[in-house]
Amino acid sequence: MSVTRRALLWLGGRRGAQGIVQRAPLSRSVVRRFVAGDTLDAAFSAISALNRSGIGGILDELGEGVRDTAEAEQARADYATALDAAKRRHVDTAVTVKLTQLGLLVDREGCERRLASLSDQAESVGLRLEIDMEQSDLVDATLDVYRGLVASRRPPRLAVQAYLRRTPDDLRVLAGLKAPIRLVKGAYAEPEEKALQRPEEISDRYRELTEWLFDHHPDPALGTHDGAMIGFAQLAARRRGLDRRSFEIQMLYGVRRELQQELADAGYRVRTYVPYGSAWYPYLVRRLAERPANLRFFARSLVKG
Ligand code: FDA
1 MSVTRRALLW
11 LGGRRGAQGI
21 VQRAPLSRSV
31 VRRFVAGDTL
41 DAAFSAISAL
51 NRSGIGGILD
61 ELGEGVRDTA
71 EAEQARADYA
81 TALDAAKRRH
91 VDTAVTVKLT
101 QLGLLVDREG
111 CERRLASLSD
121 QAESVGLRLE
131 IDMEQSDLVD
141 ATLDVYRGLV
151 ASRRPPRLAV
161 QAYLRRTPDD
171 LRVLAGLKAP
181 IRLVKGAYAE
191 PEEKALQRPE
201 EISDRYRELT
211 EWLFDHHPDP
221 ALGTHDGAMI
231 GFAQLAARRR
241 GLDRRSFEIQ
251 MLYGVRRELQ
261 QELADAGYRV
271 RTYVPYGSAW
281 YPYLVRRLAE
291 RPANLRFFAR
301 SLVKG
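Following the numbering used here, the numbering of the sequence shown begins with 1 at its first residue and continues without gaps.
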């Protein structure tokens, strides 16, 4: 991982830096590229437009690392409202949560309760719940909460990160739970002893795990914009005699929009992850760190405001 990328991701975790950037006028145009808007309505407009083009949504209310129970409870209530509204408006969307947004760091049992209640509600309105994966020191807790939930419920889709050295072992356990997986490369700054660092080794591992998903998990989802990874998944499906609807390709709002459309037009199942809300700072920093060209875009808007 480059020094710039590591520095940016480090900044992403600093609350002081967050205050400065969120107040700066620079941010609006950069934010607008990656975030659908401040409100649930804005997110639904973005998802409805995607739906009209044959692409599903994955609704994400921005927020993570919440520091008190009231904030976690508010996030649960917001998601409950979103699930009901999605059902009422007949929007084709999944809904994704971060466990630290539901209070994993402040009150583990409360987090489990909030997740269970959203899972039940998602089930009752017929929408899929998904769970993002956060920093490596939260993976054990995330898997514990997930195991507890699926002991008595339909498993939500869980994101796993190809760059973590532990992920092949985690997937062996998750396969036993029949967990639907979203495979991503991984977006956080992680130390060498925990995570692969070189892009080629991460891609090799991503391919290996794609094969594993097709063989051991229901309804694989590939969360990537990398044409080589998508091509590999298409081939993996074909080699198994599976059709284009047998797996899902997931991408982020504002990233490789034409490719999303091309794949949907070719008959693949595509979903776009659509974030909304005001807590966009750490999310935006991860997006900027993923691609050097985004930094130039960011620098230009610093000048233009
Ligand atoms: P890679 O970074 O190699 O990018 C391939 C190409 O895609 C680039 O060359 C560029 O053209 C384009 N691209 C990628 N990122 C871009 C960006 N930010 N801006 C502009 N262009 C870009 N991570 C995590 O740790 N936990 C999670 O739960 C999730 N969830 C998640 C959901 C979904 C739907 C997606 C698509 C991604 C995630 N991620 C994630 C993020 C993931 O780990 C990873 O950081 C990004 O997807 C970038 O990796 P790619 O696989 O796209 O490849």
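Just so it is clear, CB atoms sit at the ideal spot from N, CA and C, and this is done for glycine as well.
All values derive from a computational prediction rather than experimental measurement.
Item                                                                                                               : Value
Ile181: first and last residue of the uninterrupted beta strand (DSSP E) it sits in                                : 181–184
Which residues DSSP lists as bridging Tyr188, in chain order                                                       : Answer by DSSP bridge pairing: none, since Tyr188 is not bridged.
Local Cβ density within 10 Å of Val173, reported as buried at 16 or more and exposed below that                    : exposed
For Arg5 and Ala293, the rounded distance between their alpha carbons                                              : 12 Å
For Gln161: DSSP bridge partner residues                                                                           : Val184
DSSP-derived helix/strand/coil call for Met251                                                                     : strand
Terminal residues of the alpha helix (DSSP H) in which Glu193 lies                                                 : Note, Glu193: premise wrong, no alpha helix (DSSP H); not H, not E.
Buried or exposed by the 16-neighbour rule on C-beta atoms within 10 Å, applied to Pro156                          : buried
Backbone secondary structure at Gly65 - three-state DSSP                                                           : coil
Three-state class that DSSP yields for Gly54 in the structure shown                                                : coil
Burial state of Ser136 (16 or more Cβ within 10 Å)                                                                 : buried
Whole-Å CB distance - Arg205 paired with Leu196, under 8 Å assumed                                                 : 6 Å
Residue range of the beta strand (DSSP E) that includes Ala233                                                     : It is not in any beta strand (DSSP E) - Ala233 instead sits in the alpha helix (DSSP H) that spans 227–239.
Separation of Leu164 from Met229, as counted between CA atoms                                                      : 17 Å
Check: Gly186 C-beta below 6 Å from any heavy atom of the ligand FDA                                               : yes
N-terminal and C-terminal residue of the beta strand (DSSP E) that Pro220 is part of                               : First-last for Pro220: undefined, no H or E at that position.
Close-in-space but distant-in-sequence residues of the same chain around Leu105 (CB under 7 Å, 5 per side omitted) : Gly65
Candidates Gly241, His216, Leu83, Gly227, of which the one nearest Gly57 by Cα                                     : Leu83
Sequence-distant residues of the same chain with beta carbon closer than 8 Å to Val160, five excluded per side     : Met133, Thr167, Asp170, Leu171, Leu174, Ile181, Arg182, Leu183, Val184, Leu209
Same chain only: Cβ atoms within 6 Å of Glu290, ignoring 5 sequence neighbours per side                            : none
Any non-hydrogen atom of the ligand FDA within 6 Å of Ala159 CB                                                    : yes
Among Gly277, Ala116, Arg245, nearest to Leu310 - alpha-carbon criterion                                           : Residue 310 cannot be examined here, being either before or after the span of the chain that is shown, 1 to 305.
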